[in-house]
Structures are given as structure tokens and as C-alpha cells.
Amino acid sequence: YNSSVIEEMILSGNFEKHRAHLIRTYKTNSTIVYNRLLENFPLDADSHGISYTMPLGGYYVCLYLPKYVQIDELNQSFKDHKINIKTFDQNSTPIIRLCIANIATNVIQSSVDRVIKVIKEFIK
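So for the sequence shown, our numbering puts the first residue at 147; every next one is plus one.
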């Protein structure tokens, strides 16, 4: 069944239209997230040990926090603020994956602002 749906989308030209729409939407969303991070956590000496990169593709912007941030406390704070977000620890570096997919462009800025507010509680 799935293959017949995909075949129909490709043959009708809808697949390329949908793909183009996704690329535009994800690029817009990742730019919004990156710019909000840049405004709140400049990538310079005043970054408080926070880093991130503009994604070249994909669904996530990764935000690397200073090693002193306790991931369990951060996760609890996200939970307390009713923010469902993926965090993990890589070589003692807390990492937050900010998903840019499946979120409307008109709400992504307020969503990332909520995440930034929580992060600022943990930054020295």
C-alpha cells in the first residue's frame, strides 16, 4: 500500500511539491531557532560555554551546554515547564536537540523562547 501511495505522489508531481515545501519550512524554522539562540547566547566570549551550529539539513538544531549543567536537573526543569524535549549527555557535555520538524513556523519562535528561558536558569 505505501509504495503505491508514493508511486502516485511521484507520478502526479506532488512528491516534488511536498519535498520543496518541507525544505522551505525546515530552512525557515532552523533559521528562526538559530537566530533566537544567537540573540540570547552570542557565539563569542560571552557565550557562557554554550555552542550550537546552523544545521545544513535535518530535523534538529543541537545546543551544547557547559559541563557544569546537571542534565537531570535540566530535564526536571523542562518537565516542570511542560516542555517535551530530547536531552542527552555526550562525554559529560549536556546536549539539547531542538526539533524543527512538525512544528508550525508561526509558533516555533515562542517555543524556542520557552526553552531559552529554562536554559538561562542554569547558566552561570
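Cβ atoms here follow ideal geometry from the backbone N, Cα and C, with glycine treated the same way.
- In the DSSP assignment, D259 falls within the alpha helix (DSSP H) that extends over T251 to K266.
- DSSP, reduced to helix, strand and coil, places D218 within a helical segment of the structure shown.
- A contact is defined here as three or more CB-CB pairs under 8 Å, and the stretch 150-162 fails this definition with respect to the stretch 230-249.
- The shortest C-alpha to C-alpha distance from I262 to any of D190, Y172, N252 and L244 is the one to L244.
- One thing to note: I196 has its Cβ within 9 Å of the Cβ of I269.
- T233 is bridged by DSSP to I242.
- Per DSSP, Y147 is not a residue of any beta strand (DSSP E), being assigned neither H nor E.
- Cβ-Cβ distances below 8 Å link F161 to I152 and M155 in the same chain, with the five nearest sequence neighbours on each side left out; the list follows chain order.
- Note that the C-beta distance between K266 and N181 is not below 9 Å.
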